[in-house]
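The opening residue of the sequence shown carries number 838 in the working numbering; numbering runs sequentially from there.
Here is the structure we will look at, set down as C-alpha cells.
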Amino acid sequence: MTSRIREKIIADRTSWIRQMISGIKALPQDTMDVFTSDPRTVAAAESYLRRGLEALMDIGRHVLAKGFSKVVSEYKDIPVKLRESGVLKEADATIMRELAGYRNRMV
C-alpha cells in the first residue's frame with residue numbers, strides 16, 4: 838500500500854526554504870568586499886544555501902517515496918526519478934540535479 842504525500846511535510850519544507858532565502862537576502866551583499874569582509878557572513882550564506890537545498894531534496898524524496906513508492910538515497914538521483922515519474926520536466930530536473938551536485942560539494 839502506497840502512503841500518501843503529506844501536505845504538512847511539503848508545507849514545512851517549503852516554509853523552511855523561504856526562511857533560508859530570507860536569511861540569504863538579509864546578509865550584506867553591497868559588494869563582494871563587504872560580503873567577504875566578515876567570514877561569518879560567508880559561513881552563514883553557505884549554511885542557509887545548504888539547508889535550503891537539503892529541504893528541496895527532502896521534498897523530492899518525500900514525493901517519490903509517498904507518491905510513487907520509490908526509494909532514493911542519493912540527492913543527485915532525486916531529480917532523475919522525479920523526471921522519470923513525470924513530476925519534473927527535463928530542464929527542471931537538470932537544474933535540480935546541478936543543485937544537488939552543488940549541495941554535495943558543500944558538505
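C-beta atoms are modelled at their ideal positions from N, C-alpha and C, and glycine is treated no differently.
In this text, all values refer to a predicted model and were calculated from it rather than measured experimentally.
Query: Which first and last residues belong to the alpha helix (DSSP H) in which K862 is found?; Result: 844–863
Query: When you compare only the Cα positions, how much space is there between A880 and S906?; Result: 37 Å
Query: Just reading off the alpha helix (DSSP H) that E880 is part of, what are its end residues?; Result: The sequence shown places Ala at residue 880, not Glu. Counting along the chain, the alpha helix (DSSP H) containing A880 begins and ends at 876–899.
Query: Rank I915, L890, R934 by C-alpha distance to the C-alpha of R898 and give the top, closest one.; Result: I915
Query: Buried or exposed for Y885, please, with buried defined as at least 16 other CB atoms from any protein chain shown within 10 angstroms of its CB.; Result: buried
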